[in-house]
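Its first residue numbered 36, the sequence shown is counted upward by one per residue in the numbering used here. Beta carbons: idealized from backbone N, C-alpha and C, even for Gly. Computed from a predicted structure; not experimentally measured. Here is the structure we will look at, set down as structure tokens.
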Amino acid sequence: MASTSNSNKMQKLASIDAQLRLLVPSKVSEDDKLVEYDALLLDRFLDILQDLHGEDLKETVQECYELSAEYEGKNDPKKLEELGNVLTSLDPGDSIVVAKAFSHMLNLANLAEEVQIAYRRRIKLKKGDFVDENSATTESDIEETLKRLVVDLNKSPEEVFDALKNQTVDLVFTAHPTQSVRRSLLQKHGRIRNCLAQLYGKDISPDDKQELDEALQREIQAAFRTDEIRRTQPTPQDEMRAGMSYFHETIWKGVPKFLRRVDTALKNIGINERVPYNAPLIQFSSWMGGDRDGNPRVTPEVTRDVCLLARLMAANLYYSQIEDLMFELSMWRCSDELRVRAEELHRSSRRDAKHYIEFWKQVPPNEPYRVILGDVRDKLYQTRERSRQMLSHGISDIPVEATFTNIEQFLEPLELCYRSLCSCGDQPIADGSLLDFLRQVSTFGLSLVRLDIRQESDRHTDAIDAITKYLEIGSYREWSEEQKQEWLLSELRGKRPLFGLDLPKTEEIADVLDTFHVIAELPADSFGAYIISMATTPSDVLAVELLQRECHVKQPLRVVPLFEKLADLEAAPAALARLFSIDWYRNRINGKQEVMIGYSDSGKDAGRFSAAWQLYKAQEELIKVAKQFGVKLTMFHGRGGTVGRGGGPTHLAILSQPPETIHGSLRVTVQGEVIEKSFGEEHLCFRTLQRFTAATLEHGMHPPVSPKPEWRALMDEMAVVATEEYRSIVFKEPRFVEYFRLVSELAYSHS
């Protein structure tokens with residue numbers, strides 16, 4: 036909200052005069068603009084409040100606002116007492132309206148401030164005008180980073196290009212209950228921000244401003260009339276749809292736009308090549324519908340549904356663009372390779388396709404690119420419809436052969452078009468929408484996102500225990516770690532099936548096994564990693580490998596142990612060393628391993644300071660172990676949005692990781708509570724992609740210096756003290772639970 040020192044000024048500006056100044060072109064300072072936009076939003080809202088609830092309630096809200104501002108500004112206890120008297124005099128119905136009004140007013144003030152911050156950031160980036168080195172490091176875009184690497188750090192442009200095209204940032208979307216704002220409200224807030232942002236534009240006519248003012252009033256009233264709390268709990272499918280909506284709205288078009296900016300930045304440092312369309316610069320994964328750790332609502336059926344839904348969404352997005360590409364590639368000159376393919380397709384194609392909007396009649400052979408793309412469109416249509424039928428009915432009458440089943444099939448005709456255009460002297464055309472489309476296919480594949488599966492290690496132990504009892508060889512759970520490893524490895528090296536349909540199963544064990552059956556049933560590119568929570572021993576990893584084999588997963592998911600609590604982080608390097616010491620496992624992973632570290636649980640366990648330091652040390656030791664065994668280790672950072680869950684400025688957070696722990700490969704969660712802030716609008720999506728890419732590149736090419744020994748000793752000492760103090764309150768203070776309940780909501784309403 037605007038600072039309280041400006042509150043009186045804001046009240047004065049919240050008038051017809053302020054409105055008139057906004058509705059005609061004028062010159063005002065940036066600070067005045069923020070005050071005026073605050074004032075305009077406040078005034079519009081108060082008018083709406085009066086229309087809906089009467090002048091008396093509007094005046095009550097204004098009185099509460101003024102008393103609050105006076106108390107905050109002067110710290111006058113009398114004003115606080117007056118405010119209390121006003122609020123206690125209200126009946127329950129009016130109290131609810133007043134509370135909602137203030138919540139809405141704060142939201143509007145925040146929106147005005149966000150628009151102002153974004154505007155200032157754009158101006159500073161345009162001018163290269165940063166207050167200090169830290170803000171430059173935090174806010175710099177990809178172009179600034181490339182220039183800094185070449186000019187300040189003496190890296191050659193070729194070195195930068197090589198590092199950039201070989202690095203990968205995988206952003207993993209999660210659903211999270213701390214995202215407390217409904218999607219309906221988020222969209223309305225976005226439209227309010229858009230209206231305010233347009234008021235910054237130059238050459239806007241008075242009529243345009245008048246229409247923006249009317250649009251503001253509509254959106255403000257619509258937001259106020261929308262229930263802030265969702266009254267029914269969302270299903271995992273609902274959460275997935277909400278998360279995937281960002282792909283429709285910003286990410287789908289944002290990725291090729293960002294990659295074009297990378298091309299431009301490379302050109303500005305002397306590289307006259309584009310980033311290859313199949314360079315894995317940005318990847319997307321998801322936990323929505325796959326994270327079953329402690330969530331009984333995520334069932335095998337849910338996992339199957341969200342995978343099919345994601346594939347349906349992907350096919351639909353591609354399908355919506357393919358006709359635009361057909362319009363663009365109207366030229367007749369092509370390579371012999373493409374012409375032969377086009378003639379074959381033309382002879383075998385159907386005459387009419389009345390279900391298409393454009394190009395529904397047979398494309399003539401003198402438009403060879405359209406013939407090729409027409410066949411791509413046919414397969415996309417069938418791919419989409421098959422996913423729709425599988426999602427709705429569990430079966431489909433569309434044969435698999437009529438669809439795209441892997442990304443190579445999809446890319447092949449597009450690559451053929453690209454090669455042909457380049458060979459005929461039409462590379463500028465090839466590097467237009469076709470290149471964007473190729474980059475989208477390479478980034479999103481046929482599954483839009485890859486779904487990670489997460490399950491707690493004890494659930495796998497229960498499943499294996501049921502199998503060993505069924506085989507009458509004892510209780511797996513009661514075996515020592517050495518016995519577990521010996522048996523698991525003997526079975527992994529063998530080929531005999533371990534159980535049949537008559538295996539006695541509890542509901543929980545059936546859920547675990549059915550999850551693996553779903554993984555086996557669906558296309559392999561639907562999935563990413565299989566993450567094991569509370570993983571502490573090599574047998575935890577080997578158990579998942581065995582269950583994948585027993586459930587006939589043809590392309591097994593990579594298995595990722597998750598280390599969360601302080602003791603687990605301390606023991607993680609030794610556990611990984613024991614795992615890498617197993618010959619069978621080293622051969623299985625082919626020199627690559629992923630490890631996830633949890634920021635939230637470690638912070639809850641030991642306090643933020645100690646957790647951060649242990650996370651730092653654990654990464655250093657894990658990298659040493661991986662190097663010892665010749666394994667490339669990818670760290671998967673389970674960070675949240677709040678400080679307590681590992682949140683912080685993205686760029687600086689990445690740059691502060693220990694040396695050699697990223698090395699061009701980064702996976703990080705984008706928690707549900709920060710997805711809107713990272714991808715809610717086009718400019719936010721663009722900036723998020725820039726920050727992750729630039730920071731990952733800079734960390735790899737200019738890693739931070741390792742702390743001095745004396746600093747390490749001091750940090751160790753401070754961490755011990757911090758942990759003791761934290762636990763003395765959270766775990767040992769008997770009044771803490773009562774206090775926590777008083778200051779926290781006891782029940783959560785999903786929204």
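Counting only runs of at least 3 residues, the segment 249 to 325 fully encloses the following beta strand (DSSP E) elements, listed from N- to C-terminal order: 317 to 321. Rounded to whole angstroms, the gap between the alpha carbons of valine 133 and glycine 108 is 22 Å. Between glutamate 274 and methionine 348, the CB-CB gap reaches or exceeds 7 Å.
Here tyrosine 453 carries a helix assignment [DSSP, helix/strand/coil]. Considering only Val576, Ser515, Ile502 and Asp413, the residue with the shortest C-alpha distance to threonine 541 is Ile502. For aspartate 432, the number of other beta carbons within 10 angstroms of its own is below 16, and it is reported as exposed. By the 16-neighbour rule on beta-carbons within 10 angstroms, histidine 672 is buried.
Excluding residues up to 5 positions away in sequence, Gln252, Ile255, Gln256 and Phe259 lie with their Cβ nearer than 8 Å to the Cβ of isoleucine 83 in the same chain. Runs of the beta strand (DSSP E) spanning 3 or more residues and lying entirely within the segment 441 to 494 occur at 485 to 491, in chain order. About 37 Å separates the beta carbon of glutamate 436 from that of arginine 494, a gap too long to meet the 8 Å contact definition. Residue burial annotation: histidine 224 is buried, with at least 16 other C-beta atoms found within 10 angstroms of its C-beta.
Within the model, the alpha-carbon separation for methionine 425 versus threonine 440 is close to 14 Å. By the Cβ neighbour-count rule, methionine 753 is exposed, with fewer than 16 other Cβ atoms within 10 Å of its own. Per the coordinates, the alpha-carbon of asparagine 330 lies some 45 Å from the alpha-carbon of leucine 234. Per the Cβ contact rule, the segment 529 to 539 is not in contact with the segment 278 to 297 (fewer than 3 Cβ pairs under 8 Å). When rounded, the separation of the alpha-carbon atoms in leucine 184 and threonine 571 is 40 Å. Restricting attention to Ser355, Glu402, Val406 and Glu363, the CA atom closest to the CA of leucine 380 is found in Val406. DSSP places valine 406 in the helix class (H, G or I) of the three-state scheme. The beta-carbon distance between serine 741 and proline 694, rounded to whole angstroms, is 6 Å. This is short enough to meet the 8 Å contact definition. Collapsing the DSSP output to three states places glutamate 629 in a strand. DSSP places alanine 210 in the coil class of the three-state scheme, outside both helix and strand. The continuous stretches of beta strand (DSSP E) do not include proline 742, and DSSP gives it neither H nor E. Serine 355 counts as exposed, since fewer than 16 other beta carbons sit within 10 angstroms of its beta carbon. Closest in C-alpha terms to valine 341, from the list Arg309, Thr270, Trp287 and Ser383, comes Thr270. Under the Cβ criterion (8 Å, minimum of three pairs), the segment 551 to 570 does not count as touching the segment 516 to 528. Assigned with DSSP and collapsed to three states, tyrosine 100 falls in helix. Considered as a whole, the segment 180 to 208 harbours 192 to 200 as its complete alpha helix (DSSP H) runs of no fewer than 4 residues, in chain order. Counting C-beta pairs with one atom in each stretch, the segment 443 to 455 and the segment 547 to 554 have fewer than three that are closer than 8 Å, which means they do not touch. Beta-bridge annotation (DSSP): leucine 701 is paired with Val204 and Met670. In this model, aspartate 575 and leucine 597 are separated by some 11 Å (Cα to Cα). As DSSP reads the structure, phenylalanine 562 sits in a beta bridge with Leu486. The C-beta of lysine 414 has 16 or more other C-beta atoms within 10 Å across all chains shown, which makes the residue buried. If you look at valine 588, you'll find it isn't in any alpha helix (DSSP H); DSSP assigns it neither H nor E. In the three-state reduction of the DSSP assignment, valine 595 falls in the strand class. At least 7 Å separates the beta-carbon of alanine 232 from that of methionine 736. Beta-bridge partners assigned by DSSP to isoleucine 567: Gln490 and Pro596.
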